[in-house]
Amino acid sequence: MGCGEGCYPVTACASFTLEPSKIVATNGSEEHGIKDALRKAWIVLHYHHPTLRTRVERGEDSNGWRRIYSTFKNKGEEERWLDSTFKVVDVDGDPLQWYNNASAPFEVSTLFLVRTKEKNKYLDHVFLRCPHDITDGIGILHLLNNLFNHAGLAYQQGARYILPEWGNEHKKLSPCIQLITDTPESLTESQIERFEDIQNQNKTTYMHPGLLGLPTSSSLTIPSQDGKRQRVAVSVSKATTDEILRGCKDFATGVTVTHVFVSALAMALSELQPRKGEPYTVRYANQTMINLRPYCPEPYNTPEYADAPYHTVSTRALGIDLVVPALADTEKGNKMDELAKAAAKVRDYFKAVRPVSSADESVIFSPLVFKSLTPPPDSNPHTVSETPFCPVPLSPIGNIASMVSPVHGPFQLSWVWIASEPIGAGVAAFLSTWDGRIELSAVFDTRYHSGEYVEQFLRRTMACVLEGLDILKHL
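Those letters in the sequence shown? Residues 8 to 482, by the working numbering.
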């Protein structure tokens with residue numbers, strides 16, 4: 008896996024304030040107290056999660072790769088690391104625009120404290136960014152929660168807060184998923200045949216002539232060479248979120264919010280396809296991400312080992328077939344029936360691919376799945392595609408508040424989100440809830456899409472949810 012702009016970063020962002028009654032007097036300003044607490048928390052986080060400071064390099068034989076960790080040789084080396092990985096950025100305006108347009112590339116896990124000056128008061132935002140081979144979406148949320156736990160204590164205790172001594176932290180390095188589950192070192196002949204059979208079924212799913220992707224923006228017909236990966240998001244009110252939750256519960260047996268949104272996303276993509284003289288069938292295909300932490304033995308199923316990518320991609324692919332109406336067809340389709348049919352298919356798919364134990368094939372086959380989907384380590388995931396196909400996988404994050412507490416001593420988190428980069432021309436979509444509000448977000452490459460275009464697509468997806476559940480609300 009490459010570094011800098013070539014790596015697959017995963018990002019967690021938290022916007023926060025200090026509770027006025029818990030602000031303590033410091034020798035400097037309030038901003039200095041926040042910065043000092045977060046710097047200390049960043050050090051402690053790495054002591055408890057040393058894998059954050061590992062790197063991958065080619066072995067001596069140049070054929071294999073290995074993960075390297077080394078403790079600090081002296082105080083100077085620690086200070087240089089801290090200065091290079093803890094960054095304070097002052098910006099005017101929306102910090103998301105800094106993230107979208109000005110955030111610097113990074114090679115190791117890095118924490119950005121982004122401060123926005125507004126009416127003589129700083130509004131603070133933390134961007135925790137890690138290479139995706141070090142952690143995953145669930146893991147980085149646990150890391151963010153741990154960071155603020157340490158920061159809250161460091162802020163309250165001030166000079167009394169004691170930092171740990173380096174030297175034995177390597178004992179806390181997170182092992183890979185194969186070492187802590189029932190994944191065998193080598194598969195049997197029947198297991199290999201089973202995996203190859205599933206792969207052949209997946210090829211059939213993906214070979215559909217009407218495979219759905221997000222058409223490129225009309226203003227971006229020729230991809231440029233200097234694209235950026237940017238994020239956009241739409242959310243709904245608490246009241247509308249409650250109606251969506253009730254609507255999913257009443258919709259059909261076993262249907263969840265995730266099933267409904269995956270189906271609505273496929274419907275929104277189908278609406279963007281060109282109409283022809285006759286109706287034709289299109290297919291949404293995807294392999295979902297699966298969180299494997301619940302299937303790991305203790306303590307690897309806890310936030311103590313958040314610095315590990317304990318997840319996999321489903322072995323089997325999902326295929327949802329939809330119909331694009333004929334050009335002359337002016338009748339509005341029945342969104343409720345269309346959503347119900349698609350959601351039932353998604354529900355059955357998720358039930359089939361969800362592991363039941365660490366011995367499930369979804370776990371055992373995970374190394375082979377990643378090998379089949381991962382490009383060579385030296386390849387550039389952002390190479391321009393002249394005839395781009397833009398798939399839109401949806402990653403369900405769930406209720407972020409179940410992993411990140413909104414209050415950590417004096418720190419009050421007002422909004423939290425995560426993002427990872429798409430591969431190639433694809434668009435990475437995320438579904439999450441924070442503070443009782445559903446948020447649908449996406450990360451895209453500006454060489455293929457504009458922010459306005461992707462936001463409109465997200466709003467269309469949300470509209471398909473509301474129309475399909477017969478919720479008469481507007482964004």
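Here a beta-carbon is modelled for each residue, glycine too, at the ideal position from N, C-alpha and C.
| Query | Result |
| --- | --- |
| Between S365 and Y307, is the Cβ-Cβ spacing less than 8 Å? | no |
| What number of angstroms, rounded off, separates the C-alpha of T78 from the C-alpha of G174? | 6 Å |
| So what's E446 in DSSP terms, helix, strand or just coil? | strand |
| Could you name the residues of the same chain whose beta carbon sits closer than 8 Å to that of V239, not counting the 5 residues immediately before and after it, in chain order? | S448, A449, F451, G458, V461, E462 and L465 |
| Throw me the rounded Cβ distance for the K245 and R444 pair, which I believe falls under 8 Å. | 6 Å |
| Could you pull out every unbroken alpha helix (DSSP H) segment of at least 4 residues lying fully inside the segment 194–242, listed in chain order? | 196–213 |
| Whose CA, out of S321, G475 and R253, lies closest to the CA of M343? | G475 |
| Suppose you measure from the CA of S321 to the CA of P171; what does that come to, to the nearest Å? | 40 Å |
| From which residue to which residue does the beta strand (DSSP E) around S373 run? | Where S373 is concerned, there is no enclosing beta strand (DSSP E), although the alpha helix (DSSP H) it sits in stretches over S373 to L380. |
| Using a Cβ-Cβ cutoff of less than 7 Å, which residues in the same chain neighbour C10 once the five nearest sequence positions on both sides are dropped? | Legend: pLDDT at C10 = 42, less than 50; position of this residue unreliable, no value from coordinates given. |
| Note down, in chain order, each residue of its chain lying with its Cβ closer than 7 Å to the Cβ of T263, except the 5 sequence neighbours on either side. | C255 |
| Just the C-alpha distance for D367 and S277, rounded to the nearest angstrom, thanks. | 34 Å |
| Indicate the three-state DSSP secondary structure (helix, strand or coil) for F451 in the structure shown. | strand |
| Please state the DSSP three-state secondary structure of V399. | coil |
| Does DSSP classify W422 as helix, strand or coil? | strand |
| What did DSSP end up calling T117 once you bin it into helix, strand or coil? | strand |
| Taking the CB atoms as reference points, tell me whether L154 and L52 lie closer together than 8 Å. | yes |
| I'd like to check one pair, R354 with N209: are the Cβ atoms closer than 8 Å? | no |
| Do V360 and P286 have their C-beta atoms closer together than 8 Å? | no |
| Three-state secondary structure (DSSP) at R323? | coil |
| Which first and last residues belong to the beta strand (DSSP E) in which M2 is found? | The requested residue 2 does not occur in the structure, where the chain is confined to residues 8 to 482. |
| Return yes when the Cβ of H318 is within less than 8 Å of the Cβ of D99, no when it is not. | no |
| To the nearest angstrom, how far is it from the Cα of K179 to the Cα of Y312? | 8 Å |
| So is R60 buried or exposed if we call it buried at 16+ other beta carbons inside 10 Å? | buried |
| Just tell me which of L272, T381 and A333 has its CA closest to the CA of L438. | L272 |
| Under a three-way DSSP split, which group does V331 fall into? | strand |
| Which residue marks the beginning of the beta strand (DSSP E) containing A350, and which one marks its end? | Note, A350: premise wrong, no beta strand (DSSP E); alpha helix (DSSP H) at K342 to V360. |
| How is the alpha helix (DSSP H) around Y106 delimited, first residue to last? | P102 to N108 |
| Could you please give me the residues that DSSP links to E311 through a beta bridge? | Bridge partners of E311: none, in fact. |
| Which partner residues of T78 appear in the DSSP bridge assignment? | For T78, which the question treats as bridged, DSSP gives no partner whatsoever. |
| Which value, in whole angstroms, describes the spacing of the CA atoms of R467 and F268? | 11 Å |
| Give the secondary structure of T190 by DSSP, where H, G and I count as helix, E and B as strand, and everything else as coil. | coil |
| Skipping 5 residues on each side, what residues in its chain have a beta carbon closer than 6 Å to that of H266? | A350, V353 and R354 |
| Would you mind sorting D336 into buried or exposed? The rule is 16 or more other CB atoms within 10 Å of its CB. | exposed |
| Between which two residues does the beta strand (DSSP E) holding Y291 run? | Y287 to N293 |
| So, using beta-carbon positions, are A109 and I425 closer together than 8 Å? | no |
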